[in-house]
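Written out below as structure tokens is the structure these notes cover.
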Amino acid sequence: MYSTGKLSEISGVSSRTLRYYDEIGLLKPSFINESGYRYYDDNEVALLQQILFYKERGLDLQTIKEIIYRKDFDLYSALEEHLVSLEEEKKKIDRMINSVKLSIKSLKGEYNMSDKEKFEVFKKNLVDENEKNYGKEIREKYGNDSVDESNRKMLNMSEEDYNMFKELEENILTLVEKCVKENLDLDSKEAKELANMHQKWIKMTWNKYSVEAHKSLAMMYIMDERFKEYYDRNIEGCADYLSMAIENNL
Numbered sequence: 001m002y003s004t005g006k007l008s009e010i011s012g013v014s015s016r017t018l019r020y021y022d023e024i025g026l027l028k029p030s031f032i033n034e035s036g037y038r039y040y041d042d043n044e045v046a047l048l049q050q051i052l053f054y055k056e057r058g059l060d061l062q063t064i065k066e067i068i069y070r071k072d073f074d075l076y077s078a079l080e081e082h083l084v085s086l087e088e089e090k091k092k093i094d095r096m097i098n099s100v101k102l103s104i105k106s107l108k109g110e111y112n113m114s115d116k117e118k119f120e121v122f123k124k125n126l127v128d129e130n131e132k133n134y135g136k137e138i139r140e141k142y143g144n145d146s147v148d149e150s151n152r153k154m155l156n157m158s159e160e161d162y163n164m165f166k167e168l169e170e171n172i173l174t175l176v177e178k179c180v181k182e183n184l185d186l187d188s189k190e191a192k193e194l195a196n197m198h199q200k201w202i203k204m205t206w207n208k209y210s211v212e213a214h215k216s217l218a219m220m221y222i223m224d225e226r227f228k229e230y231y232d233r234n235i236e237g238c239a240d241y242l243s244m245a246i247e248n249n250l
């Protein structure tokens, strides 16, 4: 059993923060004595460790609270999930470190780094991130062969193609936000340009393109919260508008 001060000492979390966690219902003490002192047992210590793990991974306190107080929350499974996530992050960091080292050697004349190598790490990280976030769904929908071929196409992009791909992605986000902000009609030239721009972007990674498959993907932008969160990050309604623009103009 730990007092607030003792738990603060062993965890590195300030007493003030522990009190705040109590106030917002994130980490309640086991009991509070008559003098108002908070005490925490092993269960709260384990939960605090989870809170810190999730914070290190960039989650906000409200999201962490929702996760650790779910009925199906399991400590062992949570630790396994942390391990997988951290190992994936380590791979990304190791790749970045290796790329930077090769770039330094190249500048010193000790290694001839090709243009393809300079961008390989960014493309690989992008493929891994897409697999992590959407891999299960898109593989079920389009099949392993199709997704694997799309990943290969991404990894084999030239520097020029990769830069164009990223520029298109940013332009799509900018244009869809403009359309929503200005409440533009789905038959407007901007909406048509948006659909065409997204089609060009998709074709850069898909091995076999079809309008039907494109529209099916656009429906996922509405139905899957992760897609909605990505497109609606600045202005709500962008995912819905993009999906409807594609349906209306292709």
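In UniProt numbering, the protein residues as written are 1 to 250.
Glycine residues also receive a C-beta, built at the ideal position from the N, C-alpha and C atoms.
Between residue i and the rest of its own chain, which residues show a CB-CB distance below 7 Å, the 5 nearest in sequence each way excluded?
i	result
Gly-237	Val-180
Glu-44	Leu-27, Pro-29 and Ser-30
Ser-99	Val-121
Arg-57	Ser-85
Where do the N-terminal and C-terminal ends of the alpha helix (DSSP H) with residue i fall, by residue?
i	result
Tyr-73	The question names Tyr, but residue 73 in the sequence shown is Phe. Segment: none, Phe-73 is in no alpha helix (DSSP H) and carries neither H nor E.
Lys-192	189-203
Ile-246	238-249
Asp-185	Neither: Asp-185 is in no alpha helix (DSSP H) and is coded neither H nor E.
Asp-145	144-155
Asp-224	Element bounds for Asp-224: n/a, residue is neither H nor E.
Tyr-162	159-181
Apart from the five residues on each side of it in sequence, which residues of its chain come closer than 8 Å, Cβ to Cβ, to residue i?
i	result
Lys-105	Tyr-111 and Met-113
Tyr-231	Leu-173, Val-176, Tyr-221, Cys-238, Ala-239 and Leu-242
Lys-178	Leu-184 and Glu-190
Arg-95	Val-121, Lys-124 and Asn-125
Lys-91	Asp-128
Asn-248	Leu-186, Asp-187, Ala-191 and Ala-195
Ala-46	Leu-75
Ser-103	Met-113 and Lys-118
Can you find the residues in the same chain that come closer than 6 Å, C-beta to C-beta, to residue i, ignoring five residues on each side of it along the sequence?
i	result
Thr-4	Ser-15, Leu-18 and Arg-38
residue 269	Not covered by the structure: residue 269. The range shown for the chain is 1 to 250.
Check: For the UniProt domain "HTH merR-type" (1-70), which segments carrying the beta strand (DSSP E) assignment without a break, of at least 3 residues, lie completely within its bounds, in sequence order?
Finding: 38-40
Check: Taking three-plus beta-carbon pairs below 8 Å as touching, is the region 204-212 in contact with the region 150-157?
Finding: yes
Note to self: Give the list of continuous alpha helix (DSSP H) stretches no shorter than 4 residues that lie fully inside the region 72-148.
What the structure shows: 75-108 and 115-142
Item checked: Three CB pairs or more closer than 8 Å across the region 47-63 and the region 16-36 -> yes
Item checked: Cβ contact check for the region 133-146 and the region 184-204: 3 or more pairs under 8 Å -> no
Margin query: Would the region 45-58 count as touching the region 68-85 if we require 3 or more Cβ pairs under 8 Å?
Written below: yes
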